[in-house]
Amino acid sequence: CEELITGLELVDYDELSRRLPEASGAARKSMLNLLKAHPSSYSTDDIPRLEALKAQIEETFPYLWTRTSIKGLFGGDKEGWACGCGKTVRLDATECGTCSLDAWGFTVGEYHRNAAVADLDGRLHSLREYFAPGASPDTTPQA
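Take the sequence shown: its letter number 130 is residue 189 in my numbering, and every next letter is one higher.
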């Protein structure tokens, strides 16, 4: 289904925004993957949609690890992260060695919430430049 939507440029930002909060974890990640695709064209109306969707993604995929104290080998305390699986993780770790998830709940290689936010930032920057007052676009930006 993802490939069909992305291949045919059927991405609907309003629909993604509506469904994202009520979706399960796996479905949320699938919806995030849809953001790799573009709609067939853009308009000025897409700027506030993308801004809202970006904020929604940041809220939907929060930082899950919490700072904690870890007992050292010789009795001293040191700082670390508490993963959602219950294990502790070093401060410099990028993923949990037990469950293999990072601080946002993604595995290595998955399209990440940070990548989606960066992609949306790039689109927003391009759209703001394209639709800026004084710009003289000859055509609607295409994907």
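For every residue, glycine included, the Cβ atom is placed at its ideal position computed from N, Cα and C.
Nothing here was measured: the structure is a model prediction, and the numbers come from that model.
Query                                                                                                                                                                            : Result
Tell whether a beta-carbon distance below 9 Å holds between Y170 and L75.                                                                                                        : no
Does the segment 97–105 come into contact with the segment 171–179, if we say contact requires no fewer than three beta-carbon pairs (one atom in each stretch) closer than 8 Å? : no
To the nearest angstrom, report how far apart C158 and S83 are at their CA atoms.                                                                                                : 19 Å
Pull up the DSSP beta-bridge partners for A175, would you.                                                                                                                       : Partner(s): none; A175 has no beta bridge.
Any idea if G181 is buried or exposed, counting beta-carbon neighbours within 10 angstroms, 16 or more meaning buried?                                                           : exposed
Can you give the Cα-Cα distance for L186 and A114, rounded to whole angstroms?                                                                                                   : 17 Å
Which of the three DSSP states is assigned to E169 in this structure?                                                                                                            : coil
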